[in-house]
Ligand SMILES: Cc1ncc(C[n+]2csc(CCOP(=O)(O)OP(=O)(O)O)c2C)c(N)n1
Ligand SMILES: [Mg+2]
């Protein structure tokens, strides 16, 4: 499985055509939605070029599984769980219609969506929380799993090491996906990681580790699918390193002058979306016309969402919720608050 | 004399010590070719190179631990935690190691480190948590928060030279928002001294960081109404310069304490308690505190603007102190 960024690894060839088409559409949605947010909010984090990892990791999970997406490109997971796209865009803009009602600018939705949200900016701690979801599943003896993604830079946090060790000791049902885009803000991975492949870290925790071509969505997804099956059957966690490249800046308005333009151009040529398109057109699963109408559908959905979100008022002062810091004891505890909506790509 | 922004003055302070003392080095994320978060180390990599200006992995606990250890063997590291929001990730190292080592070894070890970090609501609008009072609570840590470029430079120099761990809070609104003429003689300020920024007869307003500037603005507004406000810039949260505050309060007999951190358990609580103990019979009115309301800091701009104490909150508090 260790063939990073070859031209079409052939992995995932056994995936059902409907899954392959779903993966493509998930990438299209992620690209369109996140780019729209970047255009509207210069502080949003571009995920362009990394959609192979994002879609490959979170597509096709069961309704009762948990997802813990990286902060770069988080919205696909929510869309897959039926989030209203206009509320996601509203969230990125701090509008009143956002799921967090302006409290967290990042990524939160109803608990019923089963997604570990970002409520603070400290990298790495969500890995522990995601591991805890897997602990809950193990504890209840169910076959539910958690998929958790994070950046390459975040694997240098102690929280990453502690969580992976714990998950392995307890054989927790979790798949760790490293969205390796080669950068932590301005620092190239080679400046802060003494190893070429992050997947080798897995052996230190006694779990399987593999490196896949992150720009080949089919390769990512088939690796995740196998690891999910392994987790479901009680065999414990897996670390998957999916190698990709951050085509945009760290944030949307970051000129990113610390990178080499020729390297950037080379990675542009490996864009995961055209790659998947050409595989699907070559295999005869899609015609170019099908592809165009998929783009049309996705763009229309996102355009409509942007229109609604832009027209929406800013977060309202009453939503500051000074009296909502604690849960109401009389209401008891609810693990599944809020509605879920019709999943995108259902 | 040079007209420097707060950020430039911070860099000047570090540059001065880097030039004169090879034991001094800086570590943190994005402090090299990017020039530091918000330009907080601009130009240093070009002058001092990667041995002195060290890019780190995202490993805050190891970074602070490594600073402490290198201080134990005689170095004078400055470790940069990009934003105050990440201080909790290295809390054990700061609170249990850095703070304790000197005392617990009966003085055998000095921990001469500076932990610098950015806090406060500002143009960046990211990670603005104000946790400074947590550190003032812990014996063995010095805690400073400059409000002017001159202080930024001279306190940085003092912090680097101090044989103790100094937690250095840099308010993000000040970074590029405040400029002043800074003299050509970098000197170490004395740590642990408050500064009177505006003399006044009727009420003492004690504040920190960006809030000092809001207090000065409120003072100008109230001067028109005949209320003469004395503005004390705390500068140092630990040690706390209660003497300067108390002597001001003995003259004015009223005190308002204002900061951007949560009011509950903030440094203002300590100051009002200490002043009440020291000046109970000098006070004409109960102390008034201004601080953030007791809920997490929301992110959307209108909510955040409502959360962060502003000049109006200060005006209200000062008028309240004047009403009795
Ligand atoms: C504990 C902590 N330290 C530092 C930061 C500042 N920071 C925000 S994003 C980032 C880079 C993260 O790199 P990586 O994990 O590779 O994710 P990417 O941004 O590349 O997607 C850094 C250092 C942070 N948010 N949290
Ligand atoms: Mg990265």
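Residue numbers (the numbering used here), protein chains in the order written: chain A, 3 to 348; chain B, 54 to 377.
The C-beta atom is built at its ideal place from N, Cα and C for all residues, glycine as well.
Starting from residue 289 (chain B), trace the beta strand (DSSP E) both ways and give me its first and last residue.
Translated into positions along the second chain, residue 289 (chain B) becomes position 236. Unbroken beta strand (DSSP E) run through residue 289 (chain B): 289-291.
Closer than 8 Å to chain A by CB, residue 86 (chain B)
Against the second chain, residue 86 (chain B) aligns to sequence position 33. So yes, residue 86 (chain B) belongs to the interface.
Using a Cβ-Cβ distance cut-off of 8 Å, determine whether residue 327 (chain A) contacts chain B.
Here residue 327 (chain A) is taken as the residue at index 325 of the first chain, counted from 1. So, interface residue.
Could you check whether the Cβ of residue 49 (chain A) sits closer than 8 Å to any Cβ belonging to chain B?
For this step, residue 49 (chain A) is matched to residue 47 along the first chain. No, no contact with chain B.
Does chain A have any CB closer than 8 Å to the CB of residue 79 (chain B)?
Translated into the one-based positions of the second chain, residue 79 (chain B) becomes position 26. It does not: the Cβ of residue 79 (chain B) has no partner Cβ on chain A nearer than 8 Å.
Test: residue 378 (chain B) CB closer than 8 Å to a CB of chain A:
Coverage of chain B is limited to positions 54 through 377, which leaves residue 378 (chain B) absent and any answer about it impossible.
For residue 82 (chain B), return the contacting residues in chain A, with the cut-off set at a CB-CB distance below 8 Å.
As a position in the second chain, residue 82 (chain B) is number 29, starting the count at 1. Correct list: 186, 187, 189.
Confirm, please, whether the CB-CB distance from residue 61 (chain A) to residue 28 (chain A) is below 8 Å.
Mapped onto the first chain, residue 28 (chain A) falls at position 26. Mapped onto the first chain, residue 61 (chain A) falls at position 59. The Cβ-Cβ distance between residue 28 (chain A) and residue 61 (chain A) falls below 8 Å.
Have a look at residue 5 (chain A) and residue 302 (chain A) and give me their C-alpha separation to the nearest angstrom.
The residue you call residue 5 (chain A) lines up with position 3 of the first chain. The residue you call residue 302 (chain A) lines up with position 300 of the first chain. Because residue 5 (chain A) sits at a pLDDT of 42, beneath the cut-off of 50, its placement in the model cannot be relied upon, and the following sentence gives the value as read from the coordinates. Rounded to the nearest angstrom, the two C-alpha atoms are 36 Å apart.
Can at least three beta-carbon pairs, one atom from the region 170-183 of chain A and one from the region 226-244 of chain A, be found at a separation below 8 Å?
yes
With a threshold of 7 Å, establish whether the CB of residue 186 (chain A) neighbours any heavy atom of ligand 2.
To locate residue 186 (chain A), count along the first chain from 1; it is residue 184. Correct: residue 186 (chain A) has its Cβ closer than 7 Å to ligand 2.
Anyone know if the C-beta pair for residue 183 (chain A) and residue 54 (chain A) falls short of 8 Å?
To locate residue 183 (chain A), count along the first chain from 1; it is residue 181. To locate residue 54 (chain A), count along the first chain from 1; it is residue 52. Taking 8 Å as the Cβ cut-off, residue 183 (chain A) and residue 54 (chain A) do not qualify as a contacting pair.
Can you find a heavy atom of ligand 4 that lies under 7 Å from the Cβ of residue 165 (chain B)?
The model depicted lacks ligand 4 and carries ligand 1 and ligand 2 instead.
Closest to residue 33 (chain A) by CA distance: which of A:57, A:345, A:16 is it?
Against the first chain, residue 33 (chain A) aligns to sequence position 31. The residue with the shortest Cα to Cα distance from residue 33 (chain A) is A:57.
In chain order, what residues of the same chain lie with their CB nearer than 6 Å to the CB of residue 49 (chain A), ignoring the 5 residues before and after it?
The sequence position of residue 49 (chain A) within the first chain is 47, counting from 1. If we look at residue 49 (chain A) and ignore the five residues flanking it on each side, its Cβ neighbours are 36, 74, 75.
Which residues in the same chain have their Cβ closer than 6 Å to the Cβ of residue 59 (chain A), if we skip the five residues on either side of it in sequence?
Within the first chain, numbered from 1, the residue matching residue 59 (chain A) stands at position 57. By the criterion of a C-beta distance shorter than 6 Å, residue 59 (chain A) is surrounded in its chain by 149, 151, 179, 226, once the five residues flanking it on both sides are discounted.
Looking at the C-beta of residue 352 (chain B), does it have a partner C-beta in chain A at a distance below 8 Å?
Mapped onto the second chain, residue 352 (chain B) falls at position 299. Interface flag for residue 352 (chain B) against chain A is set, since a Cβ pair is found closer than 8 Å.
When you compare only the Cα positions, how much space is there between residue 300 (chain A) and residue 273 (chain B)?
Residue 300 (chain A) sits at position 298 when you count from the first residue of the first chain. Residue 273 (chain B) sits at position 220 when you count from the first residue of the second chain. Straight-line Cα distance between these residues: approximately 56 Å.
Is there a C-beta anywhere in chain B that falls below 8 Å from the one on residue 248 (chain A)?
Along the first chain, read from residue 1 onward, the residue named residue 248 (chain A) stands at position 246. Not closer than 8 Å to any Cβ of chain B, the Cβ of residue 248 (chain A) fails to qualify, so no.
Can you pull the chain B residues whose beta carbon is under 8 Å from the beta carbon of residue 129 (chain A), in chain order?
Taking the first chain and counting its residues from 1, one reaches residue 129 (chain A) at position 127. Within chain B, no residue comes near residue 129 (chain A); the closest Cβ sits about 12 Å away, beyond 8 Å.
Scan the region 328-352 of chain B for residues whose Cβ lies nearer than 8 Å to a Cβ of chain A and list them as they occur along the chain.
Correct list: 346, 347, 348, 349, 351, 352.
Tell me the DSSP bridge mates of residue 109 (chain A)?
If you number the first chain from 1, residue 109 (chain A) lands on position 107. A:120.
Taking only three categories from DSSP, how would you classify residue 89 (chain A)?
Within the first chain, the letter at position 87 stands for residue 89 (chain A). In this structure, residue 89 (chain A) counts as helix in the three-state DSSP scheme.
Bridge partners for residue 97 (chain A) per DSSP, in chain order?
Here residue 97 (chain A) is taken as the residue at index 95 of the first chain, counted from 1. DSSP lists A:316 as partners of residue 97 (chain A).
Segments of 4+ residues assigned as alpha helix (DSSP H) that fall wholly inside the region 258-285 of chain A
263-270, 274-284
So what does DSSP say about residue 344 (chain A), is it helix, strand or coil?
If you number the first chain from 1, residue 344 (chain A) lands on position 342. DSSP places residue 344 (chain A) in coil when its eight states are reduced to three.
Within the continuous beta strand (DSSP E) that includes residue 363 (chain B), where are the two ends?
Reading the second chain from its first residue, position 310 is the one you call residue 363 (chain B). No beta strand (DSSP E) contains residue 363 (chain B), which DSSP labels as neither H nor E.
Given that residue 385 (chain B) touches chain A, what residues does it touch there, using C-beta distances under 9 Å?
Missing from the structure shown is residue 385 (chain B); chain B here goes from 54 to 377 and no further.
Mark residue 82 (chain B) as exposed unless 16 or more other C-beta atoms lie within 10 angstroms of its C-beta, in which case mark it buried.
Translated into the one-based positions of the second chain, residue 82 (chain B) becomes position 29. Classification for residue 82 (chain B): buried.
For residue 136 (chain B), which residues in the same chain have their Cβ closer than 6 Å to its Cβ, ignoring the five residues on either side in sequence?
As a first step, residue 136 (chain B) is located in the second chain; it is residue number 83 there, counting from the start. Short of 6 Å from the beta carbon of residue 136 (chain B), and not among the five residues preceding or following it, lie these beta carbons of its own chain, in chain order: 171, 180.
Spatial distance of residue 267 (chain A) from residue 56 (chain B) (CA atoms):
By 1-based counting over the first chain, the position of residue 267 (chain A) is 265. By 1-based counting over the second chain, the position of residue 56 (chain B) is 3. Rounded to whole angstroms, residue 267 (chain A) to residue 56 (chain B) spans 42 Å at the Cα level.
Under a Cβ-count criterion, where at least 16 other Cβ atoms within 10 Å of its own Cβ denotes burial, should residue 9 (chain A) be classed as buried or exposed?
Residue mapping note: residue 9 (chain A) aligns to position 7 of the first chain, counting from 1. Low per-residue confidence applies at residue 9 (chain A): pLDDT is 42, beneath 50, and the placement is therefore not dependable, though the value from the model is reported in the following sentence. Exposed: under 16 other Cβ atoms inside 10 Å.
Close beta carbons around residue 327 (chain B), own chain, < 6 Å, minus the five adjacent residues each side:
Counting from one through the second chain, the residue named residue 327 (chain B) turns up at place 274. Closer than 6 Å at the Cβ level, and outside the excluded window around residue 327 (chain B), lie 295.
If you reduce the DSSP assignment to three classes, tell me which class residue 202 (chain B) lands in.
Looking up residue 202 (chain B) in the second chain gives position 149. Looking at residue 202 (chain B) - three-state DSSP - the assignment turns out to be helix.
Residue 47 (chain A) versus residue 242 (chain B) - alpha carbon distance
As a position in the first chain, residue 47 (chain A) is number 45, starting the count at 1. As a position in the second chain, residue 242 (chain B) is number 189, starting the count at 1. So the two alpha carbons sit approximately 40 Å from each other.
Can you grab the Cα-Cα spacing for the pair residue 98 (chain A) / residue 111 (chain A), in whole Å?
Walking along the first chain from the start, residue 98 (chain A) turns up at place 96. Walking along the first chain from the start, residue 111 (chain A) turns up at place 109. Computed Cα separation, rounded: 14 Å.
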